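Visitor:
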Amino acid sequence: MFRQNRLITLLLLAFVTPLTHAAEPLRVFVGVLPQQTFLERIGGEHVVVEALVKPGQSPHTYDPTPSQIARLADADLYVGIGLPFESAWTARIRSVNPAMPMLDLSKGFSQRAMEAHDHGAEDAAHGADTHYHHERDPHLWTSPMLVKQMGGEIARALTGLDPDHAADYAANLAVFETDLDALDADIRATLADVRQRRFMVFHPAWGYFADAYQLTQIPIEHDGKEPGPRSLAALIDQARRENVKVIFVQPQFSRKSAEQVARAIDGRVEVIDNLAPDYFANLRQVAEAIAASERDASPR
Ligand code: ZN
Numbered sequence: 675m676f677r678q679n680r681l682i683t684l685l686l687l688a689f690v691t692p693l694t695h696a697a698e699p700l701r702v703f704v705g706v707l708p709q710q711t712f713l714e715r716i717g718g719e720h721v722v723v724e725a726l727v728k729p730g731q732s733p734h735t736y737d738p739t740p741s742q743i744a745r746l747a748d749a750d751l752y753v754g755i756g757l758p759f760e761s762a763w764t765a766r767i768r769s770v771n772p773a774m775p776m777l778d779l780s781k782g783f784s785q786r787a788m789e790a791h792d793h794g795a796e797d798a799a800h801g802a803d804t805h806y807h808h809e810r811d812p813h814l815w816t817s818p819m820l821v822k823q824m825g826g827e828i829a830r831a832l833t834g835l836d837p838d839h840a841a842d843y844a845a846n847l848a849v850f851e852t853d854l855d856a857l858d859a860d861i862r863a864t865l866a867d868v869r870q871r872r873f874m875v876f877h878p879a880w881g882y883f884a885d886a887y888q889l890t891q892i893p894i895e896h897d898g899k900e901p902g903p904r905s906l907a908a909l910i911d912q913a914r915r916e917n918v919k920v921i922f923v924q925p926q927f928s929r930k931s932a933e934q935v936a937r938a939i940d941g942r943v944e945v946i947d948n949l950a951p952d953y954f955a956n957l958r959q960v961a962e963a964i965a966a967s968e969r970d971a972s973p974r
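Following my numbering, the numbering of the sequence shown begins with 675 at its first residue and continues without gaps.
1) The beta strand (DSSP E) with Ala725 in it runs from where to where?
2) For Asp750, is the classification buried or exposed, using 16 other Cβ atoms within 10 angstroms of its Cβ as the cut-off for buried?
3) Exposed or buried, what is Lys919 when buried is set at 16 or more other beta-carbons lying within 10 Å of its beta-carbon?
4) Measure the C-alpha to C-alpha separation of Thr739 and Ala844 and round it to an integer number of angstroms.
5) Can you tell me which residues form a DSSP beta bridge with Met788?
6) Between the Cα of Ile910 and those of Lys822, Ala790, Lys781, Ala932, spot the shortest distance and give me the residue it belongs to.
7) Answer with buried or exposed for Asp947, where buried requires no fewer than 16 other C-beta atoms within 10 angstroms of its C-beta.
8) Given this structure, state the Cα-to-Cα distance separating Ala787 from Ile743, to the nearest angstrom.
9) With respect to 8 Å, is the separation between the Cβ of His896 and the closest non-hydrogen atom of ligand 1 below this value?
10) For Thr640, which of Phe927, Arg915, Gln959 has the nearest alpha-carbon?
11) Let me make sure I understand the geometry here. Which of Arg715, Arg810, Leu889 has the alpha-carbon closest to that of Gly756?
12) Is the region 752-766 touching the region 705-718 in the sense that three or more CB pairs, one from each, lie closer than 8 Å?
13) May I ask you to check if the CB of Ala879 is nearer than 8 Å to at least one heavy atom of ligand 1?
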């Protein structure tokens, strides 16, 4: 009798074991590269993550490729962050993978409006093309404390799909949160003595970072495009008035008008990238760059 039970147990195990996918990582897609870092930090060896927006691409003008859509059909999870292309492509992604959970990390945050420059006179000149957009600002990941909240959502989603590794996800999340607290403290320390809290940037991607650390970004971009000559002249005046010495750009955008402003004020152009995958080192470097730009601007 005992032997027979044992045999049945062994037979059952032979059938059940392959179904648990013990060694198979979850296939996760995200929007931008910093999210890939967040998912890899929390998911560890249990996830394989791919960002749709590749290095050098702008998420504002991006569309998924046919091969990415095909790969999304086999994905276990999509983690979005409220980018405009995501809402535009949700139905298409759903059509190839109706069962896949789609987590939106921007849910629960009220998105701020993107900074827009006052281009009043120029709007009239350009006509109907240049009405105000006041687009919602999707760059939530530039604030470490917002990312800390997102971490909890990510861990919950991974645990829901793969409860066997709940303890790993919880442990990874705890380390991630500790690292984000340290990052936040370092940025505060770096920016503590900076008196001029305004910085000029081509694409205003740093709104949540600026809000978190009492800074203000002055955008050069106008409705996602290079400014016209009148806006450029106004920006140069403003840069002189505010003693700006550094114009920040990011690799995915043209630096032409930033260079024009920099030349006019005898300043320089510097690259900071909100889409860099090495999230922690990158934000520390951004804080250093902003602090250094003020040291250039107001020698004393
Ligand atoms: Zn952007």
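Beta carbons: idealized from backbone N, C-alpha and C, even for Gly.
Computed from a predicted structure; not experimentally measured.
Guide: Quick look at the numbers:
1) Here the question's residue 725 lines up with position 51 in the sequence shown. Where Ala725 is concerned, the enclosing beta strand (DSSP E) starts and stops at 721-725.
2) Your numbering for residue 750 matches position 76 in the sequence shown. With 16 or more Cβ atoms within 10 Å of its Cβ, Asp750 is classed as buried.
3) Stepping through the sequence shown from its first residue, residue 919 is reached at position 245. Label assigned to Lys919: buried.
4) The residue labelled residue 739 in the question sits at position 65 within the sequence shown. The residue labelled residue 844 in the question sits at position 170 within the sequence shown. Those two C-alpha atoms are separated by around 34 Å.
5) As a working note, residue 788 is residue 114 in the sequence shown. Partner(s): none; Met788 has no beta bridge.
6) The residue labelled residue 910 in the question sits at position 236 within the sequence shown. Ranking Lys822, Ala790, Lys781, Ala932 by Cα distance to Ile910 puts Ala932 first.
7) The residue labelled residue 947 in the question sits at position 273 within the sequence shown. That one is buried.
8) Counting from one through the sequence shown, the residue named residue 787 turns up at place 113. Counting from one through the sequence shown, the residue named residue 743 turns up at place 69. Rounded to whole angstroms, Ala787 to Ile743 spans 30 Å at the Cα level.
9) Position 222 of the sequence shown holds residue 896. Not so, every heavy atom of ligand 1 lies at least 8 Å from the Cβ.
10) No information on residue 640 is available, as it lies outside the stretch 675 to 974 that the chain covers here.
11) Here residue 756 refers to the residue found at position 82 of the sequence shown. Among Arg715, Arg810, Leu889, the Cα nearest to that of Gly756 is on Arg810.
12) yes
13) Along the sequence shown, one-based indexing puts residue 879 at 205. It does: the Cβ of Ala879 is within 8 Å (strictly closer) of some heavy atom of ligand 1.
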